[in-house]
Amino acid sequence: MRRRRGGAVPELASLVPGDPATTGPYRLEGRLGSGGQGTVYAGRGPDGVLVAIKLLHPHLITDGQARARFLREVETAKRVAPFCTAQMLDTGFAEARPYIVSELVDGPSLQDSVRENGPRGAAALQRLAINTATALASIHAAGVVHRDFKPGNVLLGPDGPVVIDFGIAKALDLSQSLVSSQPIGSPAYMAPEQIADGEVGPPADLFAWAATMYYAATGNRAFGGEAIPSTLHAVLQSEPDVSGLEVRFRRLLQECLAKDPSRRPTAAQVVERLRALPVPAWQSVPAGTAGRRRTLAVAAGAAALVVTAACFYALGPATAQQQAAGPALSPSVSPPAATPMTTGSRTPHPEASLSAMMGEEADLARSPAAAAPTKAPRTRTTATREPDPTPDGKHTVAPTTARPSPKPTAKSTPKPSSSKETTAPPKLPPSTGTLTWNDVTEYCKTQGYTSYSYGGWADLRCAGSDTKLDPSALCRWKYPDYARAEGELPANMFVPSATCHLS
Numbered sequence: 034m035r036r037r038r039g040g041a042v043p044e045l046a047s048l049v050p051g052d053p054a055t056t057g058p059y060r061l062e063g064r065l066g067s068g069g070q071g072t073v074y075a076g077r078g079p080d081g082v083l084v085a086i087k088l089l090h091p092h093l094i095t096d097g098q099a100r101a102r103f104l105r106e107v108e109t110a111k112r113v114a115p116f117c118t119a120q121m122l123d124t125g126f127a128e129a130r131p132y133i134v135s136e137l138v139d140g141p142s143l144q145d146s147v148r149e150n151g152p153r154g155a156a157a158l159q160r161l162a163i164n165t166a167t168a169l170a171s172i173h174a175a176g177v178v179h180r181d182f183k184p185g186n187v188l189l190g191p192d193g194p195v196v197i198d199f200g201i202a203k204a205l206d207l208s209q210s211l212v213s214s215q216p217i218g219s220p221a222y223m224a225p226e227q228i229a230d231g232e233v234g235p236p237a238d239l240f241a242w243a244a245t246m247y248y249a250a251t252g253n254r255a256f257g258g259e260a261i262p263s264t265l266h267a268v269l270q271s272e273p274d275v276s277g278l279e280v281r282f283r284r285l286l287q288e289c290l291a292k293d294p295s296r297r298p299t300a301a302q303v304v305e306r307l308r309a310l311p312v313p314a315w316q317s318v319p320a321g322t323a324g325r326r327r328t329l330a331v332a333a334g335a336a337a338l339v340v341t342a343a344c345f346y347a348l349g350p351a352t353a354q355q356q357a358a359g360p361a362l363s364p365s366v367s368p369p370a371a372t373p374m375t376t377g378s379r380t381p382h383p384e385a386s387l388s389a390m391m392g393e394e395a396d397l398a399r400s401p402a403a404a405a406p407t408k409a410p411r412t413r414t415t416a417t418r419e420p421d422p423t424p425d426g427k428h429t430v431a432p433t434t435a436r437p438s439p440k441p442t443a444k445s446t447p448k449p450s451s452s453k454e455t456t457a458p459p460k461l462p463p464s465t466g467t468l469t470w471n472d473v474t475e476y477c478k479t480q481g482y483t484s485y486s487y488g489g490w491a492d493l494r495c496a497g498s499d500t501k502l503d504p505s506a507l508c509r510w511k512y513p514d515y516a517r518a519e520g521e522l523p524a525n526m527f528v529p530s531a532t533c534h535l536s
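For the sequence shown, position 377 matches number 410 in the numbering used here, and the numbering has no gaps at all.
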């Protein structure tokens, strides 16, 4: 996610009487919005970074136990890897009011965008689906459940859709009650089990995700109702009309909207199935709204979707041509020796499936050929001596029958290996190490980049570079004292660390 550092403030509503001038160490500069939980401001900390500050209502934290739960749950949410999410940066209390600080995403919510511009077009819908499912996979990998996934909690930032406010509902213990003043948006995206018994796990987030994608595709709620009771009844009893959606996308949404949570796929499975869908346009807009569609070139859409699937939120400076072409793995300026970068050249074909393109990138990360070049070990070359003429000068000794030179005795010549043993570095025992996102960031800084792009372990890149990083070469960079260091890709590409096998 691109963080705002200094610069102009986005469009903000002015502070109103009663708004604080500061919250903790943050100076407030304007309002971003308000809702049932509190008010969101834009502000700056001591470092000058522009951030989003959510100042919550004091009645949401009523005692010491609630205060401890709030701090504990927010600390857990801060561990979520920043894949298509607005990272939580800080939390605290301003007098009796809790606040949460996160990265500021300069863009409208999905809810506002659909209201103003209509349903998402084909390529934009697939881009949205992949980003938001990737965000949920990252959230769930950290042991967090969003609990309040809805169009209002998806922001359409300059680098793509971003999920916000994950884990706040549990931090505030909002899962056990529905108050009449709560906007109807949340009940419309609650899973049946959440309504029936309050049980909330990752499957509930997938139900809400599917309902949100339905809203993005059609402009209508999957479960309508004029009041909260009728909306909840629709969630429990009815099925939305998905006949206007592309058939495979339709089936995926139907599975995620299953009333039985055990029948829903996981977020990681949803990401893989979305990657397998073809890039060309999905039929997503109902009849009568064709005038709202935006026509996108298939090739440009394919390139944009590859960028989205990797959730590259730290692209850095890039030319318009590079952005239009997508993250083709073209060679860049050669980095210093022993750098864990692999290069290649590939331009996505407009008719290729997103699964094939992403699978090819993942294969590159696993392939031995993708490893960065390393210095070849020094080898001792032995000269081959030509046979000398015989004393009479008439005959030569055949090479095949030449006797080797007599070996030096132990008394006259010391063993050649003894001097080598005294200068060779000690051999380290086999071991394992870890490779974290902080390690990747530090490596990218050594190469002149500020950070890395959040694409998962199978698709690591430095921010602003189209060149993929190889985990094994990163392990060699982190553990230079070992002769061999091989990176093992984790089964879940969104976990915070990978394993280095050292020998």
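Quick reminder that beta carbons are idealized off the backbone N, C-alpha and C, glycines included.
Checklist entry - Does the region 233-253 come within contact of the region 150-168, defined as at least 3 CB pairs closer than 8 Å? => result The region 233-253 and the region 150-168 touch, with no fewer than 3 CB-CB distances between them shorter than 8 Å.
Item to check | Closest residue to Thr124 among Thr467, Ala174, Glu106 (Cα-Cα distance) | outcome: Answer by Cα proximity: Glu106.
Checklist entry - Phe199 and Ala110: beta carbons closer than 8 Å? => result Ala110 sits close to Phe199, with the two beta carbons spaced by under 8 Å.
Next on the checklist: Between which residues of its own chain and Ala170 is the CB-CB distance below 6 Å, once the five residues before and five after are set aside?
Outcome noted: Sequence-distant partners of Ala170 (beyond 5 residues in either direction) whose C-beta falls short of 6 Å from its own C-beta, in its chain, are Ala300, Ala301, Val304, Phe527.
Item to check | Any chain C beta carbon closer than 8 Å to Val268 | outcome: Absence of chain C from the displayed structure is noted, only one protein chain being present.
Checklist entry - Ordered along the chain, which non-local residues of its own chain (more than five positions away) have a Cβ less than 7 Å from that of Gln287? => result Taken in chain order, the residues that qualify are Val275.
Checklist entry - Smallest Cα separation from Leu93: which of Asp503, Leu104, Ile172, Gly76? => result Check the Cα spacing between Leu93 and each of Asp503, Leu104, Ile172, Gly76: the tightest is with Leu104.
Checklist entry - Measuring CB to CB, does Ala127 end up less than 8 Å from Leu88? => result Contact: yes.
Checklist entry - How should Pro50 be labelled, buried or exposed, when 16 other C-beta atoms within 10 angstroms of its C-beta is the threshold for buried? => result Counting the other CB atoms within 10 Å of its CB gives Pro50 a total below 16, which places it among the exposed residues.
Checklist entry - Per DSSP, what kind of secondary structure is Ile133 in: helix, strand or coil? => result Ile133: strand per DSSP, three-state reduction.
Checklist entry - Closest to Ser263 by CA distance: which of His90, Arg308, Leu307, Ile228 is it? => result The option with the nearest alpha carbon to Ser263 is Ile228.
Checklist entry - Is Arg153 buried or exposed, if buried means 16 or more other CB atoms sit within 10 Å of its CB? => result Here Arg153 is buried. Its C-beta has 16 or more other C-beta atoms within 10 Å.
Checklist entry - In the DSSP assignment, what are the bridge partners of Val196? => result Val196 pairs with Thr118, Val187.
Next on the checklist: Spatial neighbours of Pro235 within its chain, please: C-beta separation below 8 Å, excluding the five flanking residues on both sides.
Outcome noted: Contacts found: Leu169, His173, Val178, Thr299, Ala300.
Item to check | DSSP beta-bridge partners of Ser142 | outcome: Leu188.
Checklist entry - With which residues is Ile86 paired in a DSSP beta bridge? => result Ile86 is bridged to Tyr74, Val134.
Next on the checklist: Short of 8 Å in beta carbon distance, which residues of its chain neighbour Leu61, apart from the five on each side in sequence? Order them along the chain.
Outcome noted: These residues qualify, in order along the chain: Leu48, Asp52, Pro53, Ala54, Thr55, Tyr74, Ala75, Gly76, Ile86.
Checklist entry - Across which residues does DSSP place Phe126 in a beta bridge pair? => result Pro131.
Next on the checklist: Check for me: the beta strand (DSSP E) holding Gly466 runs from which residue to which?
Outcome noted: Membership of Gly466 in the beta strand (DSSP E) is indicated by the continuous run 464-469.
Checklist entry - For Val268, which residues from the same chain have a beta carbon less than 8 Å from its beta carbon, with the 5 sequence-adjacent residues on both sides left out? => result Contacts found: Pro220, Ala221, Met223, Ala224, Pro225, Ile228, Phe256.
Item to check | Selected residue, minimal CA-CA separation from Thr95, among Pro131, Arg284, Leu535 | outcome: Measuring C-alpha to C-alpha distances from Thr95 to each of Pro131, Arg284, Leu535 identifies Pro131 as the nearest.
Next on the checklist: Taking the beta carbon of Ala518 as the centre, do at least 16 other beta carbons fall within 10 Å, making it buried, or is it exposed?
Outcome noted: The Cβ neighbour count for Ala518, taken over all protein chains shown within 10 Å, is at least 16; the residue is labelled buried.
Checklist entry - Quick one: is Ser146 buried, meaning 16 or more other Cβ sit within 10 Å of its Cβ, or exposed? => result It counts as buried.
Item to check | Three-state secondary structure (DSSP) of Gly151 | outcome: It is coil, neither helix nor strand.
Next on the checklist: Checking the sheet assignment: what are the DSSP bridge partners for Arg64?
Outcome noted: When DSSP reads this structure, Arg64 sits in a beta bridge with Ala46, Tyr74.
Next on the checklist: If the criterion is Cβ atoms closer than 8 Å, does the pair Asp139 and Pro191 meet it?
Outcome noted: Yes, the Cβ-Cβ distance between Asp139 and Pro191 is below 8 Å.
Checklist entry - Taking Cβ to Cβ, would you say Leu290 is nearer than 8 Å to Phe240? => result Cβ distance < 8 Å, so Leu290 and Phe240 count as in contact.
Item to check | Contacts around Val134, its chain only, beta-carbon distance under 6 Å, and the 5 residues preceding and following it disregarded | outcome: Correct list, in chain order: Val84, Ile86, Leu122, Asp123.
Checklist entry - Do you know offhand how far Arg296's Cα is from Thr167's? => result The alpha-carbon atoms of Arg296 and Thr167 are separated by roughly 20 Å.
Item to check | Alpha carbon of Pro537 to alpha carbon of Thr479, nearest angstrom | outcome: Examination of residue 537 is not possible in this model, given that the chain is present from 34 through 536 alone.
Item to check | N-terminal and C-terminal residue of the alpha helix (DSSP H) that His106 is part of | outcome: Looking at the sequence shown, residue 106 is not His but Glu. Under the DSSP assignment, Glu106 falls in the alpha helix (DSSP H) whose first and last residues are 97-110.
Next on the checklist: Assuming contact is defined by CB atoms lying nearer than 8 Å, are Thr500 and Arg494 in contact in what I supplied?
Outcome noted: Using a Cβ distance threshold of 8 Å, Thr500 and Arg494 count as a contacting pair.
Checklist entry - Quick one: what does DSSP say Met229 is sitting in, helix, strand or coil? => result Sequence inspection shows Ala at residue 229; the Met mentioned does not correspond to that position. Ala229: helix per DSSP, three-state reduction.
Checklist entry - Which residues does DSSP pair with Gly520 in a beta bridge? => result In the DSSP assignment, Gly520 forms a beta bridge with Cys533.
Next on the checklist: Here's a check: name, in chain order, each residue in its chain whose Cβ is nearer than 6 Å to the Cβ of Gly57, leaving out the five neighbours to either side.
Outcome noted: Taken in chain order, the residues that qualify are Gly125, Ala127.
Checklist entry - Over what stretch of residues does the alpha helix (DSSP H) that includes Gly238 continue unbroken? => result The amino acid at residue 238 is misidentified as Gly; the sequence shows Asp. Unbroken alpha helix (DSSP H) run through Asp238: 235-251.
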